[in-house]
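First the structure, in the form of structure tokens, and then the observations on it.
Numbering (this note's numbering), first residue to last: 24 to 129.
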């Protein structure tokens, strides 16, 4: 009878130990995820700080470059006349005025 009691006690101890180990492992995994997500959020905040002060023309150029990098995966793209006019207007407004040094010969 003592042997059966001891075996039951050992089984409970193993189950308790396993549950505690799994809890520690789950807590560590949750902390790793929080750390990774925090780092991603900080990186995104830094990127937004950089972009905040860029002129609209530069932002449009960056967006165009990003779009060009994804052209092979885009199956359909609809560009309305209003959107095209707005984008072209932004590019035109973003062009620096010619100076004496950069003026084109006539």
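Think of the CB as a built atom: it goes at the ideal place given N, C-alpha and C, for glycine as much as any other residue.
Check                                                                                                                  : Outcome
To the nearest angstrom, how far is it from the Cα of residue 37 to the Cα of residue 66?                              : 43 Å
Starting from residue 78, follow the alpha helix (DSSP H) in both directions and report where the run begins and ends. : Counting along the chain, residue 78 falls outside any alpha helix (DSSP H), and DSSP gives it neither H nor E.
Suppose you measure from the CA of residue 90 to the CA of residue 73; what does that come to, to the nearest Å?       : 20 Å
Express the C-alpha separation of residue 34 and residue 25 in angstroms, rounding to a whole number.                  : 14 Å
Can you tell me whether DSSP reads residue 24 as helix, strand or coil?                                                : coil
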